[in-house]
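First up is the structure itself, then whatever we jot down about it.
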Amino acid sequence: MMDMEGFGELLQQAEQLAAEIEGVSELPQVERNLQEIQLAGERLRSRTLTRTSHDAADVKASILLGSKGLDISNISHRLESLSAVTTFEPLEPVRDTDIQGFLKNERDNSLFSAIEESRRRTFAQAEKYHWDNMLVEWEQEKQRILNTLLGSEEDMFDLAPEAELSILTDTAPPGRSSMDSTEIAYARQVYVYNEKIVQAQIRPSLVEMFGGVAEKLDDKNVIELWSMVQHMTDVLLVPAKDTLSCRVNKDMQSAFVRQALLYLEQSYKNYVMTTVYGNLQQAKLGGVPGTLQLIHSFINIKLPPHLPGLQDGEVDSHPVWAVLYYCLRCGDVTAALSVANRSQHQLGEFVGWLQEYAQSQDRMLSPTSANRLRTHYRRAVRNGTDPYKRAVHCLIGRCDVTDFHGDVAEKTEDFLWLRLHQVSFEEEAGLGTQDRISLPQLQTQLLEEYGETHFSAGQQPFLYFQVLFLTAQFEAAVAFLFRVERLRAHAVHVALALHELKLLLQPPLQAAQLLSREPNDPGPVRRLNLVRLLMLYTRKFEATDPREALQYFYFLRAEKDGQGENMFMRCVGELVIETREFDMLLGRLERDGTRRPGVIDKFSQDTRGIICSVAAVAESKGLFEEAVKMYDLAEKADKVLGLMNQLLSPVVSTQGALHSNRDRLKTMALGIAERYRTLHISTDKRIGATFYLLLDLMTFFEEYHAGQVDRAMNVMERLKLVPLDPDSIDERQAAFRNFSDEVRNSLPDVLLATMNILLTKYRRAKAVGGGTPARPQRTADDMDALRRQAQVLLMFSGVVPYRMVGDTNARLVQMESLMN
526 MMDMEGFGEL LQQAEQLAAE IEGVSELPQV ERNLQEIQLA GERLRSRTLT RTSHDAADVK
586 ASILLGSKGL DISNISHRLE SLSAVTTFEP LEPVRDTDIQ GFLKNERDNS LFSAIEESRR
646 RTFAQAEKYH WDNMLVEWEQ EKQRILNTLL GSEEDMFDLA PEAELSILTD TAPPGRSSMD
706 STEIAYARQV YVYNEKIVQA QIRPSLVEMF GGVAEKLDDK NVIELWSMVQ HMTDVLLVPA
766 KDTLSCRVNK DMQSAFVRQA LLYLEQSYKN YVMTTVYGNL QQAKLGGVPG TLQLIHSFIN
826 IKLPPHLPGL QDGEVDSHPV WAVLYYCLRC GDVTAALSVA NRSQHQLGEF VGWLQEYAQS
886 QDRMLSPTSA NRLRTHYRRA VRNGTDPYKR AVHCLIGRCD VTDFHGDVAE KTEDFLWLRL
946 HQVSFEEEAG LGTQDRISLP QLQTQLLEEY GETHFSAGQQ PFLYFQVLFL TAQFEAAVAF
1006 LFRVERLRAH AVHVALALHE LKLLLQPPLQ AAQLLSREPN DPGPVRRLNL VRLLMLYTRK
1066 FEATDPREAL QYFYFLRAEK DGQGENMFMR CVGELVIETR EFDMLLGRLE RDGTRRPGVI
1126 DKFSQDTRGI ICSVAAVAES KGLFEEAVKM YDLAEKADKV LGLMNQLLSP VVSTQGALHS
1186 NRDRLKTMAL GIAERYRTLH ISTDKRIGAT FYLLLDLMTF FEEYHAGQVD RAMNVMERLK
1246 LVPLDPDSID ERQAAFRNFS DEVRNSLPDV LLATMNILLT KYRRAKAVGG GTPARPQRTA
1306 DDMDALRRQA QVLLMFSGVV PYRMVGDTNA RLVQMESLMN
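Mapped onto my numbering, the consecutive letters of the sequence shown carry residue numbers 526 to 1345.
Following this line, the structure appears as structure tokens:
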């Protein structure tokens, strides 16, 4: 009976509902039975399943374009109305009488043309950007390979495999120096030299100091090398605005030639003395000591008696032209003149030319005498059989520069001496190419036409270095010697000596290759990248001997790169980053805030600027902890706290274990905070507030992860970061806008942790209420308060101007629902 009443009541309610629906005229009348409704539902469900992904994409596209003020439905309709949208080809022309169709056609063609042009331009620009990026990457990779191989601009130097790898793989066990005895000896002199400069004492001669190292090494070739450097740098520098102007100055080049000749002549005289005293029986040394007697003894050894082909008689039983040649070869013009005067009847007019040559300061004949000597040479001497006579005439008159005089110039030094004697610095009328050679021409001939192969540079590196250096090609000589591993130390210190004397040509850009050539440089001028040279040299031992590497970088204190950055600071920065010797090189802070000086302080440079530069390099490389320490050394408090905020933000909410990343950063941050408060170091208010708030948040999460929910909640209430009552939602929302990103990024974790604390306290209160009937009202009040706080948190998460990550909101809703 009751069931019949229930069905009757249900029928009555259905009829009433139908009557209400019929009374609403706006709704359409739908008459369907249950089977029709079921079929319609099945169709809707199948359509929904097939279009879910497509509709979702449409919804996302509508939202994105709608945020920019575009209606996707209208745009789709307009695009679909264009018949050639897929090909962007011009529409077919219409009849001339169809004005409306003509205008529509023209309008559509204009749109298609604009779209096609934009597409073409976009693809062209994208391709250009792609290839530009590829070229930049290739240039960087090519530069890295060239740096590794230590190659020159023209790649004309061959590297032995062991030379390529040595500078990259040469390592030493920890605590042991990677420098050999030669490098250590040079490094000591560099240290002494820098100490003199730092203490503002009289600057010693770096060439003499390095020459002293050569004497101790007891290597004849090295001793001769530094003797050569001593001769070539013993010149009076011509005042000029830059090194290039000084080097190409004719007076300076003439001085280089004179010094080269002086070295070659002294070296040959020592060779003559060694030969004579090593063969005293054959030399028959006697008579008045002097060059002339030494030459006669040398000829006794050198030339067989009655050598055929020698002309114009003898002097003291020796061929007169041979004696003259060897006197000039030893640099004794006075001895040659005395021989000429004694043989005046045999030499004729040549005696006058030799007297004029000997009295001239620059060892040059007057144009009139030179022309007469050259005419006489062409008529009577060139085709003669006496090689010494031809060589002396060519030497005095600077003529016939195409003759190599191989009969008398047996060694490379002899050939070089003859060529330097024939170098002309003035244009002379009527002088053909075979009678004149300039210094740039000689340099080009030796470096480019002959090159390493001609002089067997691989087997005789010192000889080829001598050829280049004595012709004032300092940069090419140093670059060549640097490639020979066992001679690398000598090359670097020759470059340093030239640099200190302002004689070394360097490229304008520090990114240039080791040996480069500028487009506007005259002739065969080369430039040596001293910065790269030193960095390649110190790379071997910077890990084990950073102090010594720092001494070498001090030579770059006046060098700047293309952006004006001081190269000393830059190299120091890279050295510190590579070696991680922060405390030793830059100093460190004591607990009382005082700074303990580092090695860098002794150079009397802008120490704070250097430290800031190193810190900036570390920051750019992502080494934030090291950058914090160095900014702290430089007393850049705002940078210290700013970087600490970036370091602390990702680990604030994590559960830190002992010796973890979070634990280390927290210890570091607490030390900074304590010291800054004790010393009253002022910082930017916003940065400082963020720093201390992050520390407080770390405390909050530590209590939370430890299960101390009451203490964690007390911390959160004091921070006032999130609202816990409805009246403070607007206030917390406004305050949240002023927080930095480091704090804002922690909001999801803060909300979840706070909500979890409320849920935990709610469950505890519920458990207490169920087991204590005497306190039901108080427990109920506590649970209601917790639910209200949870609702406030949920409302705050919805209105706060921050996009939550992941499923934060879903989890908040889930936890809040568990409290109902």
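For each residue, glycine too, the CB sits at the ideal point set by N, CA and C.
Among the residues of its own chain, which have a CB less than 8 Å from the CB of residue i, if the five just before and after it don't count?
i: residue 1157; result: 1114, 1165, 1197
i: residue 727; result: 721
Excluding the 5 residues preceding and the 5 following residue i in the sequence, name in chain order all residues of the same chain whose CB lies nearer than 6 Å to its CB.
i: residue 808; result: 801, 822, 825, 826
i: residue 1341; result: 1315, 1319
i: residue 785; result: 945, 995
i: residue 1278; result: 1229
i: residue 997; result: 781
i: residue 1265; result: 1215
i: residue 1106; result: 1071
i: residue 552; result: With a pLDDT of only 49 at residue 552, under the threshold of 50, the placement of this residue in the model should not be trusted, and no figure is reported.
i: residue 549; result: The predicted position of residue 549 is uncertain, since its pLDDT is 47 and thus under 50; no value can be drawn from it.
By the 10 Å Cβ neighbour count, where 16 or more other Cβ atoms means buried, how is residue i classified, buried or exposed?
i: residue 1053; result: buried
i: residue 647; result: exposed
i: residue 1018; result: buried
i: residue 975; result: exposed
i: residue 1001; result: buried
i: residue 1170; result: buried
i: residue 992; result: buried
i: residue 1282; result: buried
i: residue 729; result: exposed
i: residue 874; result: exposed
i: residue 816; result: buried
i: residue 717; result: exposed
i: residue 1273; result: buried
i: residue 1125; result: buried
i: residue 843; result: buried
Give the C-beta separation of residue i and residue j to the nearest angstrom, bearing in mind that I take them to be a contact with Cβ-Cβ under 8 Å.
i: residue 1069; j: residue 702; result: 5 Å
i: residue 916; j: residue 850; result: 6 Å
i: residue 1032; j: residue 1006; result: Actually they are not in contact, since the Cβ atoms of residue 1032 and residue 1006 sit about 19 Å apart, beyond 8 Å.
i: residue 1097; j: residue 1056; result: Residue 1097 to residue 1056, Cβ: 13 Å. No contact.
i: residue 1321; j: residue 1247; result: 6 Å
i: residue 972; j: residue 1049; result: 6 Å
i: residue 865; j: residue 858; result: At roughly 10 Å, the Cβ-Cβ gap does not stay under 8 Å, so residue 865 and residue 858 are not in contact.
i: residue 1324; j: residue 1258; result: 6 Å
i: residue 1084; j: residue 1074; result: No, residue 1084 and residue 1074 are not in contact; Cβ-Cβ is about 16 Å, not under 8 Å.
By the three-class DSSP mapping on this structure, what secondary structure does residue i have?
i: residue 1324; result: helix
i: residue 692; result: In this prediction, residue 692 has a pLDDT of 36, which is less than 50 and means its spatial position is unreliable; nothing more can be read from the coordinates.
i: residue 1114; result: strand
i: residue 1040; result: strand
i: residue 745; result: helix
i: residue 1212; result: helix
i: residue 962; result: strand
i: residue 682; result: With a pLDDT of only 36 at residue 682, under 50, the local geometry of the prediction cannot be trusted, and no value is derived from it.
i: residue 1286; result: helix
i: residue 1085; result: strand
i: residue 713; result: helix
i: residue 1008; result: coil
i: residue 728; result: coil
i: residue 644; result: helix
i: residue 774; result: coil
i: residue 1243; result: helix
i: residue 719; result: helix
i: residue 568; result: helix
i: residue 610; result: Caution is warranted here: a pLDDT of 45 is assigned to residue 610, below 50, making its placement in the model unreliable, and the coordinate value is therefore given only provisionally. The answer is coil: DSSP assigns residue 610 none of H, G, I, E or B.
i: residue 1095; result: helix
i: residue 1187; result: helix
i: residue 1200; result: helix
Looking only at its own chain, which residues have a Cβ that is under 7 Å from the Cβ of residue i, when we skip the five neighbours before and after it?
i: residue 776; result: 763
i: residue 1015; result: 747, 750, 1006
>> For a minimum of 4 consecutive residues, which ranges assigned as the alpha helix (DSSP H) are wholly contained in the segment 885-972?
In response: 892-901, 912-922, 937-946, 964-969
> What are the start and end residues of each continuous alpha helix (DSSP H) run of 4 or more residues lying completely inside the segment 783-867, in chain order?
Replying inline: 805-808, 816-827, 845-854, 858-867
> Whole alpha helix (DSSP H) runs in the segment 1045-1082 with 4 or more residues, listed along the chain?
Replying inline: 1055-1063, 1071-1078
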